[in-house]
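Notes follow once the structure below has been shown.
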Amino acid sequence: MIVPMLALAAAALGAPPALAQPALAQPALAPPQEARSAPASEGEDRFDTFDPKAERREHRIDYSVWTEALRAFVIDMGPPLRKMPFAGAGTLGTNIRVGHNSIYRLDGAMVGFSLMDVEVMVNIGQYRRDLEKVADELDIQSLPRNEQLAYWLNLHNVAMIEQVGANWPERQPREIELDGVPLDEARFITVEGVALSPRDIRERIVFANWKSPEVFYGFWRGEIGGPAMQRTAFDGRTVGQQLADAAGEFVNSRRGTEKRGRTLHVSEYYAEIARYFFPDFEPDLRAHLAEYVEGEVADMLARSERIEPSLYEHDIADLAGGRRNGAFFAKGRLDPGAAALLEQRAQKLRYVRRKMPPEGRIFFSNIDLPGDPDNKSEVE
124 MIVPMLALAA
134 AALGAPPALA
144 QPALAQPALA
154 PPQEARSAPA
164 SEGEDRFDTF
174 DPKAERREHR
184 IDYSVWTEAL
194 RAFVIDMGPP
204 LRKMPFAGAG
214 TLGTNIRVGH
224 NSIYRLDGAM
234 VGFSLMDVEV
244 MVNIGQYRRD
254 LEKVADELDI
264 QSLPRNEQLA
274 YWLNLHNVAM
284 IEQVGANWPE
294 RQPREIELDG
304 VPLDEARFIT
314 VEGVALSPRD
324 IRERIVFANW
334 KSPEVFYGFW
344 RGEIGGPAMQ
354 RTAFDGRTVG
364 QQLADAAGEF
374 VNSRRGTEKR
384 GRTLHVSEYY
394 AEIARYFFPD
404 FEPDLRAHLA
414 EYVEGEVADM
424 LARSERIEPS
434 LYEHDIADLA
444 GGRRNGAFFA
454 KGRLDPGAAA
464 LLEQRAQKLR
474 YVRRKMPPEG
484 RIFFSNIDLP
494 GDPDNKSEVE
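If you want the working numbering, it's the position in the sequence shown, counting the first as 1, plus 123.
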């Protein structure tokens with residue numbers, strides 16, 4: 124069903140993001156444009172224009188078409204197991220294994236870049252430009268803070284999917300360059316006339332204006348070792364719970380935490396964001412992790428004597444491992460590496476059904492109780 128779903132995703136992405144409550148004019152479609160890049164040394168004061176404003180406008184943006192696309196090409200790998208991944212069979216007649224070899228390959232989520240044809244990629248690029256145009260019609264900075272946060276998370280992730288997909292196959296996204304500039308630093312996104320890089324969105328806008336470390340878990344960096352791409356677009360009404368769920372998955376996975384001896388090894392990303400969220404690194408990070416660790420990981424945290432940010436995996440979070448396998452492989456068809464990983468995923472999920480009791484979850488959105496503050500669900 125993956126390939127037919129991608130056809131639906133291509134059709135869905137042809138529609139621009141909808142503005143709701145009240146509706147505004149839809150942004151017009153624009154022809155594709157070249158990615159622009161610039162060195163990261165330009166004046167930083169221009170980012171102040173994106174600071175959230177005190178006055179508030181009750182609008183929201185509907186990202187349902189992006190959710191439809193994500194459901195088509197993002198594969199959830201199931202809950203973290205904290206064990207070595209299931210071994211896949213070698214290529215018929217050989218012991219050669221294709222696809223991923225990362226110990227984290229059954230964590231988080233994988234994107235089916237090998238299945239995305241030209242039409243899908245063109246529509247993702249168009250959707251990114253449509254999101255940019257939303258800001259020209261709607262004062263993003265005056266929206267409720269959760270709506271602003273959802274906008275920046277979705278724009279960042281759409282742009283990353285667009286560029287990683289455009290440069291696929293690539294083993295490690297950090298090796299991608301646009302006009303000689305590393306992807307994370309390339310300013311190919313334009314909002315309200317300001318050229319932005321993915322890093323600008325994270326650090327100059329979101330990390331600068333939100334103090335909850337949970338926002339980190341919403342940004343997809345293209346790597347297995349980072350937070351997973353979600354299968355549902357971020358929504359201003361539910362973004363707090365979405366980020367909490369993403370945090371719980373990452374913290375309790377082996378790519379987030381691993382105890383060796385008396386040291387708790389954590390993702391190197393925690394060191395990268397420490398100046399924004401963990402200024403007193405170890406005590407602050409311990410307090411944050413304590414909010415999300417469960418079971419074995421809670422015990423690991425309690426028994427560790429020091430924390431070292433040393434875990435990393437830079438390989439692409441892609442079903443096929445960022446490489447074409449086979450001389451006759453055509454984009455849009457399931458290649459051997461992707462098929463092997465999906466079989467390992469199936470083995471994992473069968474194990475989960477046998478060993479782990481099912482969990483039921485109920486989500487409530489925008490339910491106000493007497494005495495609740497107006498911003499009770501707002502991400503700080």
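Backbone N, C-alpha and C define an ideal beta-carbon position, used for all residues, glycine too.
Predicted, not measured: the structure shown is a model, and the values here were computed from it.
Inter-residue Cα distance where the pair is residue i and residue j
| i | j | result |
| --- | --- | --- |
| Gly341 | Glu293 | 23 Å |
| Val243 | Arg468 | 25 Å |
| Gly349 | Arg378 | 8 Å |
| Tyr415 | Gly316 | 39 Å |
| Asp262 | Lys256 | 11 Å |
| Ser390 | Leu266 | 33 Å |
| Asn277 | Glu372 | 19 Å |
| Tyr474 | Leu424 | 26 Å |
| Glu501 | Arg268 | 7 Å |
| Glu157 | Ala410 | Unreliable placement is indicated for Glu157, whose pLDDT of 49 sits below 50; no coordinate value is reported for it. |
| Pro510 | Tyr227 | With the chain running from 124 to 503 in the structure shown, residue 510 is simply not present. |
| Phe236 | Ala195 | 11 Å |
| Glu181 | Asp358 | 14 Å |
| Pro202 | Ala351 | 12 Å |
| Asn290 | Ile247 | 14 Å |
| Glu503 | Leu272 | 10 Å |
| Gln365 | Tyr274 | 14 Å |
| Arg322 | Asp307 | 5 Å |
| Ile284 | Glu326 | 19 Å |
| Leu238 | Arg251 | 20 Å |
| Ile324 | Gly231 | 23 Å |
| Glu300 | Thr386 | 36 Å |
| Asp240 | Met200 | 23 Å |
| Ala367 | Val374 | 10 Å |
| Val420 | Arg169 | 42 Å |
| Ile430 | Asp253 | 43 Å |
| Thr190 | Thr355 | 5 Å |
| Phe330 | Val197 | 26 Å |
Where residue i sits in the DSSP three-state scheme
| i | result |
| --- | --- |
| Ser320 | coil |
| Val304 | strand |
| Glu391 | coil |
| Lys510 | Past the edges of the chain, shown from 124 to 503, lies residue 510, and the structure says nothing about it. |
| Ile347 | coil |
| Thr190 | helix |
| Val475 | helix |
| Ile312 | strand |
| Ile247 | helix |
| Glu381 | strand |
| Ile299 | coil |
| Asp262 | coil |
| Ile284 | helix |
| Val253 | According to the sequence shown, residue 253 is Asp rather than Val. In the structure shown, Asp253 sits in a helix (DSSP, three-state: H, G or I). |
| Asp168 | helix |
| Asp240 | coil |
| Arg327 | helix |
| Asp185 | strand |
| Pro459 | helix |
| Arg447 | coil |
| Gln156 | In this predicted model, Gln156 has a pLDDT of only 44, less than 50, meaning its place in the structure is not dependable; the value taken from the coordinates is given anyway. Looking at Gln156 - three-state DSSP - the assignment turns out to be coil, as it is neither helix nor strand. |
| Arg228 | coil |
| Val502 | coil |
| Met352 | coil |
| Asp368 | helix |
| Met423 | helix |
Local Cβ density within 10 Å of residue i, reported as buried at 16 or more and exposed below that
| i | result |
| --- | --- |
| Asp171 | exposed |
| Leu131 | Since pLDDT at Leu131 reaches only 46, below the 50 mark, its modelled position is unreliable, and the value read off the structure follows with that caveat. Exposed: under 16 other Cβ atoms inside 10 Å. |
| Ala192 | buried |
| Pro406 | exposed |
| Ala413 | exposed |
| Ala177 | exposed |
| Pro336 | buried |
Residue-chain proximity (residue i, chain C), Cβ-Cβ < 9 Å
| i | result |
| --- | --- |
| Ile184 | Among the chains in the structure shown there is no chain C, since it carries only a single protein chain. |
In DSSP terms, what residue i is bridged to
| i | result |
| --- | --- |
| Met233 | Ile198 |
| Thr361 | None; Thr361 has no bridge partner. |
| Glu431 | His388 |
| Ile439 | Glu346 |
Closer than 8 Å: residue i CB and nearest the ligand FAD heavy atom
| i | result |
| --- | --- |
| Glu431 | Ligands in the displayed structure: none, and consequently the ligand FAD is not present. |
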